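Numbering (my numbering), first residue to last: 4 to 334.
A virtual CB, placed ideally from N, CA and C, is assigned to each residue, including glycine.
Computed from a prediction, not measured in an experiment: that's the story for all the values here.
In what follows, a single structure is set out as structure tokens and then discussed.
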């Protein structure tokens with residue numbers, strides 16, 4: 004039976020992740036020996052000022068010192084990261100134009116019947132970090148956990164406004180799965196970004212939201228916003244009282260979200276390996292790792308290209324199943 008997404012099959016994805024040395028030839032391998040010998044550009048398909056933007060700029064600064072070449076973060080937001088992803092997928096496969104994207108990159112193929120690029124035009128390089136997302140509410144909403152939120156939504160159908168950062172986002176998919184699996188109707192209200200979401204909750208315009216942990220952190224500490232659940236397989240060390248969604252009966256979100264690096268598919272193996280090893284070395288610095296964990300609430304990762312390709316492949320299958328379950332499409 005033909006898959007609905009023939010361009011993102013497991014075989015093609017792993018082939019891209021592992022690399023096809025025969026396509027590169029000895030000349031490309033030789034050129035990788037002095038990589039990088041000019042500025043490297045990392046395209047981030049989201050606005051500046053986000054956690055991922057901050058992470059990339061810190062890692063980029065350290066890579067620049069290591070390579071003695073500038074590392075430029077190029078913010079290209081729009082179309083659920085498709086604009087930036089398409090730009091990199093069609094860039095020269097030389098390692099000088101790269102893509103940093105979140106889990107959204109494996110959701111888009113299932114959300115849209117047609118993309119301007121094939122997913123196999125990108126190859127996995129390394130995972131920067133793993134992240135857990137909080138579900139949080141305005142302080143005066145009478146719920147202390149996700150179980151109570153679902154009960155309230157059932158008692159007051161379509162009275163609870165759920166704020167997300169856009170149609171087809173991880174937050175939107177989470178809301179839809181909560182709604183479908185638990186017969187708990189809530190209204191989806193998309194916003195442009197994290198700051199708008201927080202303003203909506205603080206003003207009472209919205210009731211519930213999902214975002215990163217950093218943006219609303221000050222409001223968690225002040226008590227103006229309250230975390231009632233988190234994605235991922237375990238509770239957060241700094242919020243041990245907050246249950247995971249899995250514990251609350253919301254299945255399908257027990258994995259980590261992540262920020263990862265991708266290159267055009269035919270980028271030489273030696274360049275991909277150099278990128279992965281150097282990023283891993285930078286993130287292994289204890290001082291930098293501590294900043295990521297304590298200030299940004301992300302856990303730095305150290306993966307080989309092959310390991311990250313396996314993570315990408317697994318999450319592609321997981322998110323495709325979730326998207327089919329809730330029936331969200333963006334075409």
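Buried/exposed call for residue i, threshold 16 Cβ in 10 Å
i	result
residue 97	buried
residue 157	exposed
residue 137	buried
residue 142	exposed
residue 214	buried
residue 332	exposed
residue 337	Any property of residue 337 remains undetermined from this structure, which presents the chain solely from 4 to 334.
residue 243	exposed
residue 229	buried
residue 334	exposed
residue 130	buried
residue 309	exposed
residue 279	buried
residue 235	buried
residue 87	buried
residue 40	exposed
residue 22	Confidence at residue 22 is low in this model, with a pLDDT of 46, below 50, so its placement is unreliable and the value that follows should be read with caution. Buried.
residue 147	exposed
residue 84	buried
residue 140	buried
residue 273	buried
residue 103	buried
residue 289	exposed
residue 95	exposed
residue 145	exposed
residue 312	buried
residue 275	buried
residue 327	exposed
Distance CB(residue i)-CB(residue j) smaller than 7 Å
i	j	result
residue 187	residue 217	no
residue 209	residue 232	no
residue 192	residue 161	no
residue 212	residue 166	yes
residue 264	residue 128	yes
residue 266	residue 60	no
residue 69	residue 281	yes
residue 124	residue 287	no
residue 255	residue 325	yes
residue 194	residue 200	yes
residue 74	residue 183	no
residue 55	residue 205	no
Cutoff 7 Å: residue i Cβ touching any chain C Cβ
i	result
residue 195	Given the protein chain composition of this structure (a single chain), no chain C is represented.
DSSP-derived helix/strand/coil call for residue i
i	result
residue 243	coil
residue 267	strand
residue 322	helix
residue 77	strand
residue 352	As shown, the chain starts at 4 and ends at 334. That puts residue 352 outside it, with no answer to give.
residue 308	helix
residue 261	strand
residue 140	strand
residue 50	coil
residue 302	strand
residue 163	coil
residue 106	coil
residue 126	strand
residue 330	coil
residue 228	strand
residue 289	helix
residue 234	coil
residue 190	strand
residue 254	coil
residue 153	helix
8 Å contact criterion, which residue i and residue j should meet: CB distance rounded
i	j	result
residue 277	residue 38	6 Å
residue 197	residue 53	7 Å
residue 63	residue 76	6 Å
residue 248	residue 65	Contact doesn't hold; Cβ gap of about 34 Å is too wide.
residue 253	residue 149	6 Å
residue 258	residue 321	6 Å
### Query
Within the chosen definition, does the stretch 93 to 111 reach the stretch 168 to 186 through at least 3 CB pairs nearer than 8 Å?
Pairwise C-beta distances place the stretch 93 to 111 in contact with the stretch 168 to 186, as three or more of them are shorter than 8 Å.
### Message
Pairs of beta-carbons, one from the stretch 40 to 48 and one from the stretch 75 to 85, closer than 8 Å: are there three or more?
### Response
Verdict: yes, contact present.
### Query
Are three or more beta carbon pairs between the stretch 281 to 301 and the stretch 121 to 136 nearer than 8 Å?
In short, these stretches touch, since the Cβ pair count reaches three.
### Message
Assess contact between the stretch 178 to 185 and the stretch 111 to 118, defined as three or more Cβ pairs (one per stretch) separated by less than 8 Å. Is contact present?
### Response
Contact fails: fewer than three Cβ-Cβ distances are below 8 Å.
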